[in-house]
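Student: The working numbering numbers the first residue of the sequence shown as 208 and each following residue consecutively. A virtual CB, placed ideally from N, CA and C, is assigned to each residue, including glycine. These numbers were taken from a predicted model, which means no experiment stands behind them. Structure below; questions to follow.
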Amino acid sequence: MHEQERAAPAGLYRVKPAAQRLVRPLVDASVKHGVSADALTIAAIPLAALGGLCLALSDSMPVLLLVVPLLAATRLILNLIDGQVARETGTAHPMGELLNELGDRVSDLLFIGGLAFVATVGPTLALAAVVAALLSSYTGVAAKAAGVPRQYGGIMSKPGRMITLSVAAPLAFIVADGWPLLAAAWVILVGALITLVQRLLAARAAVASGAARP
């Protein structure tokens with residue numbers, strides 16, 4: 208991601224520095240071969256679309272569930288290395304953050320939205336999970352409107368959503384039943400709503416402590 212300013216890491220984002228060290232070879236390879244940070248950011252969108260498609264078709268082709276963890280992991284890896292590539296190459300720009308945030312929201316919609324076509328989940332619950340995820344993300348971004356850093360905390364951040372689907376999908380294949388995907392939808396929905404509140408309270412505390420920019 209291309210953010211110029213960050214809040215202190217929280218939730219699963221606490222492990223981000225360690226994860227960035229693990230993907231360092233990919234950053235070096237991207238820089239060496241001239242792959243731009245924006246290209247990496249945009250590449251996560253079709254991967255998310257493929258992940259959503261695998262979920263959507265899983266009732267008729269359950270084997271596709273085994274691909275979901277790979278696509279989710281690749282999406283997260285791209286999100287890890289795009290900002291590093293931008294800094295390494297000196298190509299960070301103001302629109303980079305906008306592109307990153309918009310790409311993440313579209314990716315969540317496409318990936319989680321695939322649950323709408325799973326019989327055990329259905330469109331209503333899947334839509335609720337998507338909306339909750341988008342609102343929690345929006346709350347984190349909107350904290351900047353109050354003059355405080357972008358909020359990344361909460362129990363169901365982007366990595367949490369991808370991990371939830373990555374666990375549920377192969378489990379659904381193993382047990383030959385859709386209940387793990389149903390459970391995942393509920394976990395994302397409830398977790399995202401809790402995250403929304405956590406981020407709102409964190410932003411409010413930052414404002415109250417005088418951390419807001421004038």
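What is the DSSP secondary structure of R357, counted as helix, strand or coil?
Tutor: In the sequence shown, counting from the first residue as 1, residue 357 sits at position 150. Reduced to three states, the DSSP call for R357 is coil.
Student: If we ignore side chains and look at the alpha-carbon of each, how far apart do L271 and A279 end up?
Tutor: Taking the sequence shown and counting its residues from 1, the one referred to as residue 271 is at position 64. Taking the sequence shown and counting its residues from 1, the one referred to as residue 279 is at position 72. Each residue's Cα considered, the two are about 13 Å apart.
Student: What is the C-beta distance between Q227 and L287, in whole angstroms, given that I count them as a contact (C-beta under 8 Å)?
Tutor: Locating residue 227 in the sequence shown gives position 20, where the first residue counts as 1. Locating residue 287 in the sequence shown gives position 80, where the first residue counts as 1. Contact flag correct, Cβ pair sits at about 6 Å.
Student: So, at 6 Å on beta carbons, what are the nonlocal neighbours of M363 in its own chain, with the 5 sequence-adjacent residues on each side left out?
Tutor: Within the sequence shown, the letter at position 156 stands for residue 363. Excluding residues within five positions, the ones whose Cβ falls inside 6 Å are G398, A399 and T402.
Student: To the nearest angstrom, how far is the alpha carbon of P269 from that of F380?
Tutor: As a first step, residue 269 must be located in the sequence shown, where it is residue number 62. As a first step, residue 380 must be located in the sequence shown, where it is residue number 173. Each residue's Cα considered, the two are about 6 Å apart.
Student: Hey, how far is the Cα of A412 from the Cα of K351?
Tutor: Indexing the sequence shown from 1 puts residue 412 at position 205. Indexing the sequence shown from 1 puts residue 351 at position 144. Just so you know, the alpha carbons of A412 and K351 end up roughly 13 Å apart.
Student: P224 and L283 - do their beta-carbons sit closer together than 8 Å?
Tutor: As a working mapping, residue 283 is identified with position 76 in the sequence shown. As a working mapping, residue 224 is identified with position 17 in the sequence shown. Cβ atoms of L283 and P224: not closer than 8 Å.
Student: Measuring CB to CB, does A299 end up less than 8 Å from I319?
Tutor: Locating residue 299 in the sequence shown gives position 92, counting from the first residue. Locating residue 319 in the sequence shown gives position 112, counting from the first residue. The answer is no: Cβ separation not under 8 Å.
Student: Quick one, are the C-beta atoms of V325 and G258 less than 8 Å apart?
Tutor: Start at 1 with the first residue of the sequence shown, and residue 325 comes out as number 118. Start at 1 with the first residue of the sequence shown, and residue 258 comes out as number 51. Against a cut-off of 8 Å, the Cβ pair of G258 and V325 comes out as no contact.
Student: So within the region 258 to 336, which uninterrupted alpha helix (DSSP H) runs reach at least 4 residues, ignoring any that extend past its ends?
Tutor: 275 to 296 and 301 to 320
Student: On the three-state DSSP scale, how would you describe D235?
Tutor: Within the sequence shown, residue 235 is the residue found at index 28, counting from 1. Looking at D235 - three-state DSSP - the assignment turns out to be helix.
Student: Thinking C-alpha only, which one of G241, L285 and A390 is nearest L247?
Tutor: To locate residue 247, count along the sequence shown from 1; it is residue 40. Comparing Cα positions, the closest option is L285.
Student: Out of V292, P253 and D266, state which residue places its alpha-carbon closest to the alpha-carbon of L233.
Tutor: Translated into positions along the sequence shown, residue 233 becomes position 26. For L233, the closest of V292, P253 and D266 by C-alpha to C-alpha distance is V292.
Student: Does A255 pass the burial test, meaning 16 or more other C-beta atoms within 10 Å, or should it be called exposed?
Tutor: The count along the sequence shown starts at 1 and reaches residue 255 at position 48. Flag for A255 reads buried.
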